[in-house]
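Under numbering that gives the first Met the number 0, the residues of the sequence shown are numbered 0 to 246, in order.
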Amino acid sequence: MDFFTFFQSSMPGMKRDCGGAAGILGAFYLAVKMGFKENLHAIFCLAENSVGPLATRPDDVITLYSGKTVEVNNTDAEGRLVLGDGVAYAKKDLQATTIVDMATLTGAQGVATGRYHAALLTNSEDWEQKAVSAGKLSGDLIHPVPFVPELHFCEFNSSHADMKNSVSDNACGAVSCAGLFIGSHIGFDYEGNWLHIDMAKPCYQGDRATGYGVALLNTLFAYASQSPMLLKLASGQNSCQGKNSIA
Numbered sequence: 000m001d002f003f004t005f006f007q008s009s010m011p012g013m014k015r016d017c018g019g020a021a022g023i024l025g026a027f028y029l030a031v032k033m034g035f036k037e038n039l040h041a042i043f044c045l046a047e048n049s050v051g052p053l054a055t056r057p058d059d060v061i062t063l064y065s066g067k068t069v070e071v072n073n074t075d076a077e078g079r080l081v082l083g084d085g086v087a088y089a090k091k092d093l094q095a096t097t098i099v100d101m102a103t104l105t106g107a108q109g110v111a112t113g114r115y116h117a118a119l120l121t122n123s124e125d126w127e128q129k130a131v132s133a134g135k136l137s138g139d140l141i142h143p144v145p146f147v148p149e150l151h152f153c154e155f156n157s158s159h160a161d162m163k164n165s166v167s168d169n170a171c172g173a174v175s176c177a178g179l180f181i182g183s184h185i186g187f188d189y190e191g192n193w194l195h196i197d198m199a200k201p202c203y204q205g206d207r208a209t210g211y212g213v214a215l216l217n218t219l220f221a222y223a224s225q226s227p228m229l230l231k232l233a234s235g236q237n238s239c240q241g242k243n244s245i246a
């Protein structure tokens with residue numbers, strides 16, 4: 000029997016892995032307080048990741064909510080599994096036209112965009128520009144990474160399932176790939192807007208959380224809101240017209 004041993008320094012601080020859900024909760028609470036009246040849903044993808052009889056095992060093949068099967072080749076790439084279910088639920092059950100997911104997904108984010116900028120992966124050039132502007136306005140900085148599923152998603156190829164849950168080549172744009180795993184569960188032909196925010200490093204400073212994402216998301220919400228207070232966050236720019244649904 001083989002055992003994998005984590006170095007002691009690998010486990011402390013893992014409580015920060017709730018940073019994405021905490022940011023979503025804070026952003027949702029603030030949006031309500033500031034008068035956001037449009038169709039807004041907050042989805043929390045929560046799961047325990049502990050050793051036990053029901054723990055995920057290497058080589059398991061599981062079916063996600065999207066109906067797609069996943070071969071588990073990395074048990075530490077667990078967050079993307081529940082996030083895949085979350086975005087699939089937003090699309091199928093809520094029929095959201097704009098989906099934003101945010102998570103402390105990869106250590107690679109810190110290498111790609113650093114401690115101060117989260118990484119942004121999106122299928123919309125328009126919303127990419129809005130997110131970068133929202134980051135500058137709010138102070139929650141964000142920088143785009145390549146959205147090229149036709150080049151990157153093949154890294155998840157599996158002989159036993161629709162995909163693996165971790166890439167085979169770490170030099171393939173790991174931040175983009177991890178986000179694409181999530182996006183594959185709404186489909187790369189999704190006609191709505193999808194934004195994936197990886198904020199693994201900006202979510203903390205020293206031993207404390209920074210609250211990253213609360214201001215960023217509320218500035219983004221302004222583009223789909225008629226709330227005067229939220230619109231001020233977008234520096235007076237016109238909000239999106241028509242019916243919008245953000246999950």
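Glycine included, every Cβ here is placed at the ideal spot set by N, Cα and C.
Would you mind giving the Cβ-Cβ distance between VAL131 and PRO145, rounded to the nearest angstrom? I have them listed as a contact below 8 Å. Rounded, the Cβ-Cβ distance is 15 Å, inconsistent with contact.
Helix, strand or coil at LEU119 according to DSSP, with G and I counted as helix: The answer is strand: DSSP assigns LEU119 an E or B state.
According to DSSP, is TYR189 part of a helix, a strand, or is it coil? Correct three-state label for TYR189: coil.
Among VAL81, ALA41, SER183, which has the Cα closest to the Cα of THR55? Per the Cα distances, VAL81.
By DSSP, does HIS195 sit in helix, in strand, or in coil? In the three-state reduction of the DSSP assignment, HIS195 falls in the strand class.
Between the C-alpha atoms of THR96 and ASN192, what's the straight-line distance to the nearest angstrom? If I take the Cα positions, the gap works out to 6 Å.
So what's THR74 in DSSP terms, helix, strand or just coil? Note: THR74 maps to coil in three-state DSSP.
Note down the Cα distance separating GLY109 from LEU53, rounded to an integer number of angstroms. Straight across, the Cα-Cα distance linking GLY109 with LEU53 is about 31 Å.
To the nearest angstrom, how far is it from the Cα of THR103 to the Cα of ILE23? Spanning the two alpha carbons is a distance of roughly 12 Å.
Residue range of the beta strand (DSSP E) that includes VAL147: Counting along the chain, VAL147 falls outside any beta strand (DSSP E), and DSSP gives it neither H nor E.
According to DSSP, ALA208 sits in a beta bridge with which residue or residues? According to the DSSP secondary-structure assignment, ALA208 is paired through a beta bridge with TYR203.
What residue ranges within the segment 29-112 form continuous beta strand (DSSP E) runs of no fewer than 3 residues, ordered along the chain? With a minimum length of 3 residues, the continuous beta strand (DSSP E) runs that stay inside the segment 29-112 are 60-62, 68-70, 97-102.
If we call anything under 8 Å between Cβ atoms a contact, is ALA107 one with ALA173? Contact: yes.
Is PHE2 helix, strand or coil by DSSP? Its pLDDT being 47, under 50, PHE2 is placed unreliably by the model, and nothing is read from it.
Where GLY19 falls, given that 16 or more other Cβ within 10 Å makes a residue buried: Buried, because 16 or more other Cβ atoms sit within 10 Å of the Cβ of GLY19.
Alpha-carbon spacing of GLU127 relative to ASP139, whole angstroms: Taking the CA atoms as reference points, GLU127 sits about 14 Å from ASP139.
Going by C-alpha to C-alpha distance, which of LEU194, TYR28, THR74, GLY78 sits closest to ILE141? LEU194 is the residue among LEU194, TYR28, THR74, GLY78 whose C-alpha sits nearest the C-alpha of ILE141.
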